[in-house]
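Data first, discussion second: the structure below is written as structure tokens.
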Amino acid sequence: MSAGSPAPAAPAAPVLRIGNASGFYGDRFDAVREMLTGGPLDVLTGDYLAELTMLILGRDLLKDPSLGYARTFLRQMEECLGTAHERGVRVVTNAGGLNPAALADALRALADRLGLPVRVGHVEGDGLPLPDGALTANAYLGGAGVAACLAAGADVVVTGRVTDAALVTGPAAWHFGWGPDAHDALAGAVVAGHVLECGTQATGGNHAFFHRDRYDARRPGFPLAELRADGSAVITKHPGTGGTVTVGTVTAQLLYETAGARYAGPDATARLDTVRLAQEGPDRVRVSGVRGEAPPPLLKAGITRLGGWRNEIVFVLTGLDVPAKARLVRDQVDDALDRAPGRRPADVRWELVRTDRPDADTEETASALLRLVVRDPDPAKVGRVLTGAAVEPALGSYPGFHLTGPPGKGAPYGVFEAVYVDPATVAHTAVLPDGRRVPVPHPAATRALAPVPRPPLPPPLPAGPTRRAPLGLVAGARSGDKGGDANVGVWVESDDAWRWLAHTLTADRLRELLPETRDLPVTRHVLPNLRALNFTVSGLLGEGAAARARFDPQAKALGEWLRARHLDVPEVLL
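In our numbering, the protein residues as written are 200 to 773.
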């Protein structure tokens, strides 16, 4: 059996139940146990990697060459590896980070210590030669290496930097015997994997309508997908867990950190414009109709670098004359920096946040915040020179001068860059439980990405009375980051609302509603099946989330800001 054509070890069950227990490095620790004991499961996945996480793991690896993986996962397995083995649940995770071999060795040692006959395989080869000044460089691999390890009998498979969806496409390809040309089925698994990857975001977490829909949002259960051989799936969760699974929660996650109709990956390109969602029952949403295409000829790779040093100081301005107080302290800090020749930081940003209220009945609600953020390649320029300039005027500045906390000495920040590489330069390798190393070929058939034809818009909603109201009374939204770009997905729940949204929320209107985007390229993608629009705002996040260039560095709340903006909404929709 070749790694590119996985075959099941036995006749495949008609449904493969794949659950998720982690959406990021730092997610709920007890989710692994909850998923293993809460109901039937065949495969448990855990996503621990993000662009920012690779930078964190890179710094860990510099300190200790035996590290570079998500240590939380190893602690979770100390508690739950026996349960997974007893219940016959296979575990697939990208917690290997920059050092999957080290995590695999640690898991084997753990299994020996616990007396468990657990077979561990791992996937490597994502690491690329480091460009000058880079901390990490990793290609995003597909699921074929995972499938090869499972086919060889692995109970646990550890990967490095694979796509988030590969944690689902790999087990599905192994279980159902899909070859690399099963594009529709693989694309269905890509979509299911994307829904699962962020954990409870698919089960009511971070959901725009959490208050209206009145479910228990305090502790949402983690999601699982019941996959079938044609790539269709039902998204659900274990009985008795919190949260909810609705067409809305699944739509929100489908729009998260995606862009156009073609959602590309190394296993297949999924056509998001073909996805159909249907509420099959309480906490059960069927995902069907997904069409797939051959993957693109190049692999995406991510490069992280230490970009320099950063510091932040927040001044509290209380009561009257807030703008004048802000001007005074800015002038004082600028003057102090000018008196230290050659020590002024390269990037100095001020932002006045008007959290104050008139005639407030608490001091905190009478106060505004003035944020000073500086960045520079030289740590000295964001350290004592800056903190001295900010603190020394304390007794000779605006009335009520104080800070939210004592200033620190500054901290390093990172930058992220996406590049594309020839798969022939990537040594994708499955390391089987018996130690054999199996090369994993990139799919032979590829297809270059191109925009899909613009879909026809529905007829506009007939003219009628309107009311000035927040967009969020009609539409949901979810936003996130991709390198230096932000994406905002917006969806509605009725055909009439879609007729209005599709014609109203243009790229130009988005720029009007979100003035921070006014001078940036904004691309609008139309997804009629989902009654959704997906916007990409290029460059909003500067050099990426790790650079922390703006107040919300990962654009997590950009969609909620958009929903809070007022425009003329047809009364029939309200």
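C-beta: ideal position from N, C-alpha, C; glycine also.
According to DSSP, Lys436 shares a beta bridge with Pro422. Using a Cβ-Cβ distance cut-off of 8 Å, the region 275-291 and the region 249-261 are not in contact, since fewer than three pairs of beta carbons, one from each stretch, lie closer than that value. With a cutoff of 8 Å on beta-carbon distance, Asp259 and Leu266 are scored as near each other.
For the set Pro659, Leu309 and Trp373, the Cα lying nearest the Cα of Asp695 is the one of Pro659. A straight-line Cα-Cα distance of about 20 Å links Asp304 and Ala350. The beta strand (DSSP E) runs of length 3 or more contained entirely in the region 519-560 are, from start to end of the chain, 546-552. Between Val736 and Val687, the C-beta spacing is below 8 Å.
Going by DSSP, Glu323 is part of the beta strand (DSSP E) stretching over Val319 to Glu323. When DSSP states are grouped into helix, strand and coil, Pro632 belongs to the coil group.
For Gln452, there is no enclosing beta strand (DSSP E); the enclosing alpha helix (DSSP H) has its first and last residue at Val446 to Leu454. Judged by DSSP secondary structure, Pro299 falls within the alpha helix (DSSP H) whose first and last residues are Pro299 to Leu313. For His765, the enclosing beta strand (DSSP E) covers residues His765 to Pro769. Put simply, the backbone Cα of Asp621 is about 20 Å away from that of Arg461. Residue burial annotation: Arg526 is exposed, with fewer than 16 other C-beta atoms found within 10 angstroms of its C-beta. Distances from the alpha-carbon of Arg504 to those of His702, Pro330 and Ala283 put Pro330 closest. Cβ-Cβ distances below 6 Å link Leu536 to Arg543 and Ala588 in the same chain, with the five nearest sequence neighbours on each side left out; the list follows chain order.
Counting C-beta pairs with one atom in each stretch, the region 470-481 and the region 621-638 have fewer than three that are closer than 8 Å, which means they do not touch. Closest in alpha carbon position to Asp520, among Arg509, Ala567 and Ser487, is Ala567. Restricting attention to Gly257, Arg227, Gly237 and Glu563, the CA atom closest to the CA of Asp246 is found in Arg227. By a beta-carbon distance limit of 8 Å, Val725 does not contact Leu704. Their separation comes to about 10 Å.
In the DSSP assignment, Thr271 falls within the unbroken alpha helix (DSSP H) covering Arg270 to Arg286.
Pairing Leu395 with Leu569, the inter-Cα distance amounts to about 39 Å. By the neighbour-count definition (other C-beta atoms within 10 Å, threshold 16), His410 is an exposed residue.
Beta-bridge pairing by DSSP links Ala668 to Leu766. DSSP, read as helix, strand or coil, puts Arg258 in helix.
Annotated three-state conformation of Phe615 is strand, per DSSP. If you draw a straight line from the Cα of Asp530 to the Cα of Val515, it comes to about 16 Å.
About 7 Å separates the CB atoms of Ala428 and Ala211; that is less than 8 Å, so the two are in contact. Inter-segment contact for the region 437-454 and the region 658-674 is absent: fewer than three beta-carbon pairs are separated by less than 8 Å. DSSP lists no bridge partner for Tyr597.
Counting along the chain, the unbroken beta strand (DSSP E) around Leu732 starts and ends at Ala731 to Val736. Three or more beta-carbon pairs drawn from the region 490-506 and the region 637-644 are found closer than 8 Å, and the two stretches are therefore classed as touching.
For a cut-off of 8 Å, the C-beta gap from His393 to Ala364 is around 5 Å, short enough to register as a contact. In this chain, the beta strand (DSSP E) harbouring Arg216 covers Leu215 to Asn219. Scanning its chain for C-beta atoms nearer than 6 Å, with the 5 sequence neighbours on each side dropped, one finds around Ala545 the residues Asp575, in chain order. By the CB criterion at 8 Å, Thr368 and Val389 fall inside the cutoff.
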